[in-house]
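Enquirer: Residue numbering for the sequence shown follows my numbering, beginning at 69 and increasing consecutively.
Glycine included, C-beta positions come from ideal geometry on N, C-alpha and C.
I am attaching a structure below and will ask some questions about it afterwards.
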Amino acid sequence: MNYGLQRSFFIIIFAYFLLPSVVEAKLNTRNVILITLDGLRWQEVFAGADSALIFNKSFTKDSDKIVNRFWDDDENRRRQKLMPFFWSTIADHGQLVGNVQKGSSVELKNPYWFSYPGYSEILVGYVDSTRNSNARENNPNITVLEYIHNQPGFKGKVAAFCSWDVFDYIINEERAGFIVNSGMEKFEEAYGSQKAKLLNKLVFQVPVPWGSVRYDAFTYQYAFDYLQRHKPRLLYIAFDETDEYAHEGKYGQYLNAANALDGFIQNIWEWTQRDYRYKNKTTLIITTDHGRGQDPIDYWRHHGSDIAGAEKVWLAVLGPDTPALGETENLETLYSSQIAKTISTLLGVEYTNKKALGNVIEGMIHD
Ligand SMILES: [Zn+2]
């Protein structure tokens, strides 16, 4: 070994031992995109279409077409058909947690197992037992979104786009100080884009079956347009259709909605990986506000504290600081209340609140 080689050898060894502390001191994540898919079961995320429901004519009216689209006898191929982005990019480069069949659970800490308490738990990071109704009532708790918005470097860099109008109250838009665009609401700004102006018309021109919920495609388009033009560092997108179709007992439409959401998420992610502000600096976190029942068969439509299994949720993470473990197995149970602290840690913010917060999920962040 000549001197030059020897020298570079020692530099490499030295750098290797330095590495862990450097990584610990600074994460790569500069931006977080949090996305929720209301009431989408872990059963479909991890096993694709459910045979008990897809072949049942009372739940899947257009059964032949839906079976053709989403059925495969092989569970792995079936889930790929339903959520191709989850089971390619996220499975290869990120983490998918919550396959109960493989000993990996994510659960709600709150005992109610419906939307407002579920979202409050995710966004605040602890359970407030007064958040036990879906009423349009302002959340007295500060969310991690609001907390981060008040930190240096985040003013005007936090935004939320939500299909369900109750998010104005869960996030407490009045107090929060950042954009919360929810439900049947236009997105208006002084020099708005042509796209947003068209969406503002269409959202009221396309008839919606649900009073206070808009189609997820509108939420996606509004959020994506905002992301591209305003470059938020913390963006929250809350989709809803999966829960609506499940309550209505329309399994085919529930599957179609889940598949469309997977595609929206793919488009957003692929855009971030083409933009220098986001590429290799963005962590994507996807979860749900509650599970749903399984047995007896009709219970898939429902959730709430009297529906066994509705406390089981799931979590998908993809980003530059997250070890690529893929689908996790035999992991200790994680809780939705841990998501807020995980988001703040990824963004380098020390998040505190008036009650004890769920711990950061360390397995999702390299050390
Ligand atoms: Zn519901």
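1. For Q398, does the count of other Cβ atoms within 10 angstroms reach 16, so buried, or fall short, so exposed?
2. On the CB-based measure, 16 or more other CB atoms within 10 Å of its CB, does K129 come out buried or exposed?
3. Does the distance from the C-beta atom of A408 to that of Y304 stay below 9 angstroms?
4. What residues in its chain sit with their C-beta under 7 angstroms from that of D311, if we drop five residues either side in the sequence?
5. Between the C-alpha atoms of Y367 and F182, what's the straight-line distance to the nearest angstrom?
6. Could you give the DSSP three-state label for F229: helix, strand or coil?
7. Considering only the beta carbon of each residue, do F153 and Q334 sit closer than 9 angstroms?
8. Label F246 either buried or exposed according to how many other C-beta atoms from any shown protein chain fall within 10 Å of its C-beta, with 16 as the threshold for buried.
9. Might you give, ordered along the chain, the residues of its own chain that have their beta carbon closer than 7 angstroms to the beta carbon of E379, omitting 5 neighbours on each side?
10. Hey, could you find the ends of the beta strand (DSSP E) N99 is sitting in?
11. Look at the Cβ atom of A115, then the Cβ atom of R146, and state whether they are nearer than 9 angstroms.
12. Is any heavy atom in ligand 1 found nearer than 8 angstroms to the beta carbon of H315?
13. Just mark S188 as buried or exposed, buried being the case when its beta carbon has 16 or more other beta carbons within 10 Å.
14. What residues in its chain sit with their C-beta under 8 angstroms from that of V90, if we drop five residues either side in the sequence?
15. Would you say the beta carbon of H161 comes nearer than 8 angstroms to a heavy atom of ligand 1?
16. Should G52 be listed as close to ligand 1, given that the test is whether its C-beta is under 8 angstroms from any heavy atom?
17. Would you mind sorting H371 into buried or exposed? The rule is 16 or more other CB atoms within 10 Å of its CB.
18. Any idea what DSSP makes of S156, helix, strand or coil?
19. Could you have a look at V135 and say whether DSSP puts it in helix, strand or coil?
20. In the structure shown, what three-state DSSP assignment does E241 receive?
Expert: Short version:
1. Taking the sequence shown and counting its residues from 1, the one referred to as residue 398 is at position 330. Here the sequence assigns Asn to residue 398, which means Gln is not the residue at that position. Classification for N398: exposed.
2. Here residue 129 refers to the residue found at position 61 of the sequence shown. It is exposed - the Cβ of K129 has fewer than 16 other Cβ atoms within 10 Å.
3. Residue mapping note: residue 408 aligns to position 340 of the sequence shown, counting from 1. Residue mapping note: residue 304 aligns to position 236 of the sequence shown, counting from 1. No, the Cβ-Cβ distance between A408 and Y304 is not below 9 angstroms.
4. Your numbering for residue 311 matches position 243 in the sequence shown. These residues qualify, in order along the chain: D106 and G107.
5. Here residue 367 refers to the residue found at position 299 of the sequence shown. Here residue 182 refers to the residue found at position 114 of the sequence shown. Cα-Cα distance, rounded: 14 angstroms.
6. Within the sequence shown, numbered from 1, the residue matching residue 229 stands at position 161. Of the three classes helix, strand and coil, the one that applies to F229 here is strand, per DSSP.
7. Stepping through the sequence shown from its first residue, residue 153 is reached at position 85. Stepping through the sequence shown from its first residue, residue 334 is reached at position 266. Going by C-beta atoms, F153 is nearer than 9 angstroms to Q334.
8. One-based indexing of the sequence shown puts residue 246 at position 178. Buried, because 16 or more other Cβ atoms sit within 10 Å of the Cβ of F246.
9. In the sequence shown, counting from the first residue as 1, residue 379 sits at position 311. So the list reads E175, L176, W181 and G359, once near-sequence residues are dropped.
10. Sequence index remark: in the sequence shown, residue 99 carries index 31 (1-based). N99 to L105 is the span of the beta strand (DSSP E), which, as asked, contains N99.
11. For the purposes of this step, residue 115 is taken as the residue at position 47 of the sequence shown. For the purposes of this step, residue 146 is taken as the residue at position 78 of the sequence shown. In contact: A115 and R146 (Cβ atoms closer than 9 angstroms).
12. Along the sequence shown, read from residue 1 onward, the residue named residue 315 stands at position 247. Checking every heavy atom of ligand 1 against the Cβ of H315, one is found closer than 8 angstroms.
13. Counted from its first residue, the sequence shown places residue 188 at position 120. Label assigned to S188: buried.
14. Your numbering for residue 90 matches position 22 in the sequence shown. Unreliable placement is indicated for V90, whose pLDDT of 37 sits below 50; the coordinate value is still reported in the next sentence. Counting only Cβ-Cβ distances below 8 angstroms, and skipping sequence neighbours, we find nothing.
15. Translated into the one-based positions of the sequence shown, residue 161 becomes position 93. Outside the cutoff, so no.
16. Residue 52 lies beyond the residue range present for the chain, which begins at 69 and ends at 435; the question has no answer from this structure.
17. In the sequence shown, the residue the question calls residue 371 occupies position 303. Buried, by the Cβ-count rule.
18. One-based indexing of the sequence shown puts residue 156 at position 88. Reduced to three states, the DSSP call for S156 is helix.
19. The sequence position of residue 135 within the sequence shown is 67, counting from 1. V135 falls in the helix class under three-state DSSP.
20. Within the sequence shown, the letter at position 173 stands for residue 241. Reduced to three states, the DSSP call for E241 is helix.
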